[in-house]
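Visitor: In full-length UniProt numbering, the protein residues as written are 5 to 397. Please read through the structure below; I'll follow up with questions.
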Ligand code: FAD
Ligand code: DHB
């Protein structure tokens with residue numbers, strides 16, 4: 005069969021792209037290798053930039069987010085036994101972020117797509133991508149025990165870091181950049197009301213800790229651990245003790261509760277350039293990874309597909325490829341800004357193994373500057389709430 009735009013992957017990038025293109029009357033097929041329940045339950049990001057929330061809202065996908073999401077106007081930095089708040093609206097001309105889980109964004113977009121009847125196939129794994137240097141690229145995929153071929157005008161790989169899209173580009177046509185960090189994050193989800201109104205980013209000699217949340221009843225917390233750490237070494241009681249130690253300030257206690265999910269995530273930075281080869285476009289984690297500190301991963305994915313939707317709409321309506329041709333360069337500007345921000349938040353807040361004393365003093369100087377200077381905290385705030393996105397048509 006045939007479609008205009010074939011989208012590989014039903015993570016936030018693929019689902020949002022499918023939704024934005026459907027609104028413009030552009031035929032799409034979204035193919036996802038996993039089942040619906042798996043995609044809807046995969047615990048990942050929790051913070052939406054102002055621009056991401058605005059795109060969801062403007063495209064009619066923000067209803068539940070506006071009911072259940074929590075608007076956050078700042079974060080707290082903790083280090084050296086003290087607390088320092090960074091206020092977003094006063095430093096950014098009124099911008100803020102939204103606490104609304106990736107799982108919920110994904111559920112909302114899946115429900116909208118299924119309502120419209122536009123094709124979204126689960127348990128449909130793409131096995132091969134062909135003809136991207138010609139005019140009619142094809143995808144081969146397996147669904148319900150049979151193999152199928154889908155021919156299209158454009159393929160968009162929204163299939164994450166381990167997907168098939170990026171691997172289908174000749175290696176000579178792609179340049180990659182990578183940094184692997186000497187630590188991982190152990191994350192828990194717990195049935196306990198958050199012990200704070202805003203997120204706490206804590207620097208401690210024993211390592212970084214982050215207190216986030218999903219709802220007024222559910223907390224999400226993270227701990228820096230060694231890169232090859234075994235989850236079995238972290239019974240719940242040890243996780244809570246360590247979180248309390250690293251986040252301690254006088255007069256504050258961390259409430260504990262039943263842990264419902266626990267996992268370890270390695271941390272890396274990665275960028276593939278360009279984000280296009282012939283008729284194949286890369287978006288989201290398929291093209292780039294940031295370390296999670298600063299919560300940019302999901303937001304970059306949303307920004308990529310917002311650009312791409314505008315570019316594909318222009319091409320579909322007027323046969324004009326100007327925006328499509330500019331996609332990679334335009335997207336990469338934001339990608340590298342986010343790479344730099346995530347890198348600087350990560351290195352400012354984590355304690356590397358065998359840290360040398362000079363680096364430690366520099367790190368402390370950066371934390372103190374960020375907490376005390378309006379210029380430095382404005383820079384953090386501006387990056388955290390995110391750069392404006394192009395408007396929707
Ligand atoms: P994905 O969400 O990875 O979606 C890709 C989809 O493609 C998947 O559903 C996959 O099954 C599908 N797929 C892959 N191959 C194929 C194929 N051959 N055929 C069909 N389908 C295929 N970001 C934050 O900001 N904060 C966080 O706390 C945070 N935590 C994270 C924890 C983990 C464990 C991971 C992996 C990421 C985390 N991120 C976090 C990053 C954020 O979740 C991602 O940036 C975001 O999911 C990117 O969306 P995406 O749609 O590009 O990719
Ligand atoms: C969350 C993750 C982050 O990486 C971050 O910087 C803030 C919040 C979260 O999962 O809630």
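Here a beta-carbon is modelled for each residue, glycine too, at the ideal position from N, C-alpha and C.
Suppose contacts are defined by Cβ-Cβ distances below 8 Å. Is residue 287 in contact with residue 154 by that definition?
Guide: No. Outside cutoff.
Visitor: Does any heavy atom of the ligand FAD sit closer than 7 Å to the C-beta of residue 39?
Guide: Result no, Cβ not under 7 Å from the ligand FAD.
Visitor: Below 7 Å, is the gap between the Cβ of residue 370 and the nearest heavy atom of the ligand FAD?
Guide: Incorrect: residue 370 has no Cβ contact closer than 7 Å to the ligand FAD.
Visitor: Shorter than 7 Å, the distance from the beta carbon of residue 32 to the closest heavy atom of the ligand FAD, or not?
Guide: No; taking the cut-off as 7 Å, the Cβ of residue 32 has no heavy atom of the ligand FAD nearer than that.
Visitor: So who's on the other strand from residue 266, going by DSSP bridges?
Guide: Looking at the DSSP assignment, residue 266 forms a beta bridge with 192.
Visitor: For residue 86, name the three-state secondary structure that DSSP assigns.
Guide: The answer is strand: DSSP assigns residue 86 an E or B state.
Visitor: Pick out the complete alpha helix (DSSP H) segments inside the segment 299-355, 4 residues or longer, and give them in chain order.
Guide: With a minimum length of 4 residues, the continuous alpha helix (DSSP H) runs that stay inside the segment 299-355 are 301-322 and 326-353.
Visitor: Looking at the strands, I want to know which residues DSSP matches up with residue 205.
Guide: 81 and 214, per the DSSP bridge assignment.
Visitor: Taking all protein chains shown into account, decide if residue 117 is buried (16 or more other Cβ within 10 angstroms of its Cβ) or exposed.
Guide: Under this definition residue 117 is a buried residue.
Visitor: Looking only at DSSP bridge pairs, what is residue 1 linked to?
Guide: The requested residue 1 is not part of the displayed model; the chain covers only 5 to 397.
Visitor: Tell me where the alpha helix (DSSP H) around residue 367 begins and ends.
Guide: Residues 361-376.
Visitor: Here's the rule I'm using: 16 or more other beta-carbon atoms within 10 Å means buried, otherwise exposed. How should residue 50 be labelled?
Guide: Per the 10 Å Cβ criterion, buried.
Visitor: Thinking just about the alpha-carbon of each residue, which of 272, 76 and 265 is nearest to the one in residue 231?
Guide: Of the candidates 272, 76 and 265, the one whose C-alpha sits nearest the C-alpha of residue 231 is 272.
Visitor: With a threshold of 7 Å, establish whether the CB of residue 395 neighbours any heavy atom of the ligand MG.
Guide: This structure simply doesn't include the ligand MG; it includes the ligand FAD and the ligand DHB instead.
Visitor: Should residue 289 be labelled buried (16 or more other beta-carbon atoms within 10 Å of its own) or exposed?
Guide: Buried: at least 16 other Cβ atoms inside 10 Å.
Visitor: Confirm, please, whether the CB-CB distance from residue 294 to residue 236 is below 8 Å.
Guide: Not closer than 8 Å, so no.
Visitor: Is it buried or exposed, residue 112, if we count other Cβ atoms within 10 angstroms and call 16 or more buried?
Guide: That one is buried.
Visitor: Taking the alpha-carbon positions, what's the residue 166 to residue 292 distance?
Guide: Cα-Cα distance, rounded: 11 Å.
Visitor: Taking the DSSP output, what are the residues bridged to residue 182?
Guide: DSSP output for residue 182 lists 274 as bridge partner(s).
Visitor: Assign residue 181 to buried or exposed, taking buried as 16 or more other Cβ atoms, counted over all protein chains shown, within 10 Å of its Cβ.
Guide: Burial call: exposed.
Visitor: Should residue 131 be labelled buried (16 or more other beta-carbon atoms within 10 Å of its own) or exposed?
Guide: Classification for residue 131: exposed.
Visitor: Could you check if residue 106 is buried or exposed, using at least 16 other CB atoms within 10 Å of its CB as the buried criterion?
Guide: With 16 or more Cβ atoms within 10 Å of its Cβ, residue 106 is classed as buried.
Visitor: Find out if the Cβ-Cβ distance for the pair residue 189, residue 227 is shorter than 8 Å.
Guide: Their beta carbons are under 8 Å apart, which means residue 189 touches residue 227 by this criterion.
Visitor: Tell me whether residue 205 is buried or exposed, calling it buried when 16 or more other Cβ atoms sit within 10 Å of its Cβ.
Guide: Looking at its Cβ environment, which holds 16 or more other Cβ atoms inside 10 Å, residue 205 is buried.
Visitor: Mapping DSSP to helix, strand and coil, what is residue 114?
Guide: Here residue 114 sits in helix by DSSP.
Visitor: How would you call residue 45, buried or exposed, if buried means at least 16 neighbouring beta carbons within 10 angstroms?
Guide: Counting Cβ neighbours within 10 Å, residue 45 comes out exposed, since fewer than 16 surround it.
Visitor: Can you find a heavy atom of the ligand FAD that lies under 7 Å from the Cβ of residue 82?
Guide: Answer for residue 82: no, Cβ out of range of the ligand FAD.
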